[in-house]
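Participant: Residue numbering for the sequence shown is 12 to 238, as defined by this note's numbering.
For reference, the structure I am asking about is given below.
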Amino acid sequence: MRVELAVNPGHRGEAEPVTTALAKHAPCDRESGRNALGTALAFADNGFPVLPGSTFNGRRFVVEGKRITNGIRPIEPRNKATTDRVTIMDWWSGEGALKPTVFLRSGLVFDAITAPLDLAEACIKAPEFLDDPGPVVYRPDEGLAYFMVTLGTMPRYGFGRNAATVRLLLSGAVVLVPPAAVGVDSHARWLVFPEMTRWKLAKFDTVARLLAHTVIETKTRPVAGHE
């Protein structure tokens with residue numbers, strides 16, 4: 012199973028998934044029209060506990076269009092994360108136009124490792140990842156990609172040369188998934204759709220090793236008057 016990734020320069024560095032023969036029917040949430048409830052149920056049906064989150068109303072993050080929250084965040088306690096369809100449908104049953112966003116709680120069935128976009132892109136293109144990929148979501152408001160991986164422990168060598176920018180989220184931390192606006196004209200986006208991987212997770216050790224040892228070459232601009 013292989014996936015590919017490209018960056019669409021028209022989206023200010025936001026990553027766009029590239030269609031492959033295997034995943035050609037795995038569209039972006041906004042393109043497919045799958046709403047937050049549909050996303051929450053899809054994850055729950057595949058064993059991922061979910062939580063409802065606040066929603067961006069064009070100016071700030073709110074709950075049901077009323078209460079303001081400090082940034083986009085879950086609106087239920089994290090220990091209430093669930094796969095129960097009845098509970099989930101109740102959370103998203105409000106009559107308001109702004110429906111809750113979807114958060115996944117890590118540490119129960121998956122861990123999450125974050126990395127800057129350029130490093131994440133390089134790792135996603137690596138043969139080791141393409142042969143056994145897992146979902147990856149990008150948050151442009153943070154500039155971070157979230158790798159959803161199997162449960163694991165911090166490697167003995169840490170994250171090597173990239174230790175300053177790569178982080179293993181603490182158990183119980185939450186991951187925002189599309190569809191979700193994170194600011195004006197800014198949305199969380201899949202770099203690798205869960206449908207592309209058939210809802211399988213990438214292996215913790217593989218992703219940790221790639222993120223620890225991948226080198227990102229920085230381009231420097233020539234000084235005027237010098238070649």
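Backbone N, C-alpha and C define an ideal beta-carbon position, used for all residues, glycine too.
With H, G and I counted as helix, E and B as strand and the rest as coil, what does DSSP make of L155?
Facilitator: Here residue 155 corresponds to residue number 144 of the sequence shown, with the count starting at 1. Strand, per DSSP.
Participant: Mind checking M165: buried by the 16 CB within 10 Å criterion, or exposed?
Facilitator: Working through the sequence shown from its first residue, we reach residue 165 at position 154. It is exposed - the Cβ of M165 has fewer than 16 other Cβ atoms within 10 Å.
Participant: Determine the burial state of S104: buried for a count of at least 16 other Cβ atoms within 10 Å of its Cβ, exposed for fewer.
Facilitator: Walking along the sequence shown from the start, residue 104 turns up at place 93. Counting Cβ neighbours within 10 Å, S104 comes out exposed, since fewer than 16 surround it.
Participant: If we count the other Cβ atoms within 10 Å of its Cβ and call it buried at 16 or more, is A123 buried or exposed?
Facilitator: Position 112 of the sequence shown, counting from 1, holds the residue named residue 123. Buried, because 16 or more other Cβ atoms sit within 10 Å of the Cβ of A123.
Participant: Based on the DSSP secondary-structure assignment, which residues constitute the bridge partners of D122?
Facilitator: Residue mapping note: residue 122 aligns to position 111 of the sequence shown, counting from 1. Answer is V160, bridged to D122.
Participant: What is the rounded straight-line gap between the Cα of T50 and the Cα of G69?
Facilitator: The residue labelled residue 50 in the question sits at position 39 within the sequence shown. The residue labelled residue 69 in the question sits at position 58 within the sequence shown. Roughly 22 Å separates the two Cα atoms.
Participant: With H, G and I counted as helix, E and B as strand and the rest as coil, what does DSSP make of S43?
Facilitator: For the purposes of this step, residue 43 is identified with residue 32 of the sequence shown, where counting begins at 1. Unreliable positioning characterises S43 in this predicted model, as indicated by a pLDDT of 42, which lies under 50. A coordinate reading is not provided.
Participant: Assuming the contact rule is C-beta atoms closer than 8 Å, R150 and V193 should be a hit. Round their C-beta distance to whole Å, please.
Facilitator: For the purposes of this step, residue 150 is identified with residue 139 of the sequence shown, where counting begins at 1. For the purposes of this step, residue 193 is identified with residue 182 of the sequence shown, where counting begins at 1. 6 Å between Cβ atoms; contact.
Participant: Relative to the C-alpha of L48, which residue among P85, F204, P63, T217 is closest?
Facilitator: For the purposes of this step, residue 48 is identified with residue 37 of the sequence shown, where counting begins at 1. The residue with the shortest Cα to Cα distance from L48 is P63.
Participant: Are the beta-carbon atoms of V160 and L109 separated by less than 8 Å?
Facilitator: Numbered from 1 along the sequence shown, position 149 holds the residue referred to as residue 160. Numbered from 1 along the sequence shown, position 98 holds the residue referred to as residue 109. Not in contact: V160 and L109 (Cβ atoms no closer than 8 Å).
Participant: L130 and N173 - do their beta-carbons sit closer together than 8 Å?
Facilitator: Counted from its first residue, the sequence shown places residue 173 at position 162. Counted from its first residue, the sequence shown places residue 130 at position 119. Result yes, Cβ atoms of N173 and L130 sit closer than 8 Å.
Participant: Nearest by alpha-carbon distance to T125: which of E153, D56, L162 is it?
Facilitator: Along the sequence shown, one-based indexing puts residue 125 at 114. Nearest option by C-alpha distance: E153.
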